[in-house]
Amino acid sequence: MASLSGQVAAYKAQRREDGSDDWRDVGMAMETTLTLSEQENDKRFAYRVVAVNKAGEGEASNSVLAVF
Numbered sequence: 001m002a003s004l005s006g007q008v009a010a011y012k013a014q015r016r017e018d019g020s021d022d023w024r025d026v027g028m029a030m031e032t033t034l035t036l037s038e039q040e041n042d043k044r045f046a047y048r049v050v051a052v053n054k055a056g057e058g059e060a061s062n063s064v065l066a067v068f
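Just so you know, we're using the UniProt record's numbering here: the sequence shown kicks off at 1 and counts up by one.
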């Protein structure tokens, strides 16, 4: 569990199509902001963030739904 080993080293962004259970990594950031470009139009996607540190990955955040 990432929270047991101190400071966050990176944040991993994940995405899945609405209705799917298959989360895919779509970006990494060292800070708390990340810009994802070239997202597919006219599709519904859920996004979430996972904090990573030397102990591994923490629990995923709540997801948000977006349509581009």
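Glycine residues also receive a C-beta, built at the ideal position from the N, C-alpha and C atoms.
Under DSSP, the beta strand (DSSP E) around residue 14 begins and ends at which residues?
Taking the first residue of the sequence shown as 1, we reach residue 14 at position 14. Per DSSP, residue 14 belongs to the beta strand (DSSP E) from 10 to 17.
Compare the C-alpha of residue 33 against each of 46, 51 and 44 and name the closest.
Mapped onto the sequence shown, residue 33 falls at position 33. For residue 33, the nearest C-alpha among the options comes from 51.
Does the separation of the CB atoms of residue 22 and residue 16 fall below 7 Å?
Position 22 of the sequence shown, counted from the start, is the residue given in the question as residue 22. Position 16 of the sequence shown, counted from the start, is the residue given in the question as residue 16. A contact, by the Cβ cut-off of 7 Å.
Is it buried or exposed for residue 56, if we count other Cβ within 10 angstroms and need 16 for buried?
Within the sequence shown, residue 56 is the residue found at index 56, counting from 1. Residue 56 should be labelled exposed.
Please report the straight-line C-alpha distance between residue 8 and residue 31, rounded to a whole angstrom.
Your numbering for residue 8 matches position 8 in the sequence shown. Your numbering for residue 31 matches position 31 in the sequence shown. For residue 8 and residue 31, the distance between alpha carbons rounds to 9 Å.
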